[in-house]
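Here is the structure we will look at, set down as structure tokens.
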Ligand code: AMP
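In our numbering, the protein residues as written are 9 to 180.
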């Protein structure tokens, strides 16, 4: 895990003062590191019969699509507004300043489809909570969520209610 962490670049004061941005692009560019990362992300879900992986735009697409392949599951993009044609299901959620929206095709999941949500970073947990609501509205059965990095000091895990597992590969 140390070797994966070493490939993540910390960028102070980006995109705004006070934020330490976790830049995963050096990890993605490292063939061995990226492969090890996907193996490690997949490991806790082997045997969980995941049928669909929902990746959150945009870095969740990269990790989610690779993870879907590894788990022999389909991939569903959860997108920001204005990207997908109708018919759609949408969930609005609050950011520190303002709000945002996640959308998916209204028939993106089959009823009861066993679904894993994937993103790169868990911070305050608002994005993951919105993704979870979206999966529920789409009729999927939530198996859990997987993130590469949990920023434990921001308390996002506390917003993850219910029995579905939340797995983080790295905790900062
Ligand atoms: P939150 O809703 O606060 O949990 O924020 C999670 C979303 O914001 C994820 O989609 C991340 O890609 C992004 N994010 C939040 N904080 C950071 C950070 N420090 N570095 C990189 N991405 C972040």
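Glycine included, every Cβ here is placed at the ideal spot set by N, Cα and C.
Which residue wins for smallest C-alpha separation from residue i, given the options the options?
i, options, result
"residue 31", "17, 24, 37, 21", "17"
"residue 56", "81, 26, 44, 72", "81"
"residue 70", "33, 98, 51, 113", "33"
"residue 162", "28, 170, 20, 173", "28"
"residue 170", "137, 156, 155", "137"
"residue 77", "46, 64, 101", "46"
"residue 64", "85, 25, 155, 52", "85"
Any C-beta of chain B sitting closer than 8 Å to the C-beta of residue i?
i, result
"residue 84", "Annotation note: the requested chain B is absent from the structure, which comprises a single protein chain."
Residues in the same chain with beta-carbon distance under 8 Å from residue i, minus the five sequence neighbours each way, listed in chain order, please.
i, result
"residue 48", "9, 12, 177"
"residue 44", "11, 12"
"residue 120", "147, 148, 149"
"residue 50", "75, 78, 79"
"residue 87", "65, 110, 111, 112"
From what residue to what residue does the alpha helix (DSSP H) around residue i run?
i, result
"residue 82", "Element bounds for residue 82: not the alpha helix (DSSP H) but the beta strand (DSSP E), 82 to 86."
"residue 132", "Premise fails: residue 132 is in no alpha helix (DSSP H) and is neither H nor E."
"residue 47", "39 to 50"
Please work out which residues of its chain come closer than 6 Å, Cβ to Cβ, to residue i, disregarding the five sequence neighbours upstream and downstream, and give them in chain order.
i, result
"residue 179", "158, 160"
"residue 125", "62, 139, 153"
"residue 122", "57, 58, 59, 149, 151"
Which same chain residues end up closer than 7 Å to residue i when comparing Cβ atoms and leaving out the 5 residues on each side of it in sequence?
i, result
"residue 89", "109, 111"
"residue 141", "99"
"residue 114", "95, 96, 97"
"residue 174", "152, 153, 165, 168"
Once DSSP output is grouped into helix, strand and coil, what is the label at residue i?
i, result
"residue 149", "strand"
"residue 17", "strand"
"residue 121", "coil"
"residue 32", "coil"
"residue 156", "strand"
"residue 178", "strand"
Since residue i is in the beta strand (DSSP E), which residue starts that stretch and which ends it?
i, result
"residue 60", "60 to 64"
"residue 172", "Unbroken run through residue 172: none, as it is neither H nor E."
"residue 102", "96 to 102"
"residue 77", "Per DSSP, residue 77 belongs to no beta strand (DSSP E); it is in the alpha helix (DSSP H), 67 to 78."
"residue 110", "107 to 113"
Can you find a heavy atom of the ligand MN that lies under 7 Å from the Cβ of residue i?
i, result
"residue 83", "Ligands present in the displayed structure are limited to the ligand AMP, and the ligand MN is not among them."
### Query
Got a list of residues with beta-carbon closer than 7 Å to any non-hydrogen atom of the ligand AMP, in chain order?
27, 28, 29, 30, 64, 67, 68, 127, 128, 129, 130, 131, 132, 133, 134, 135, 136, 159, 162, 164
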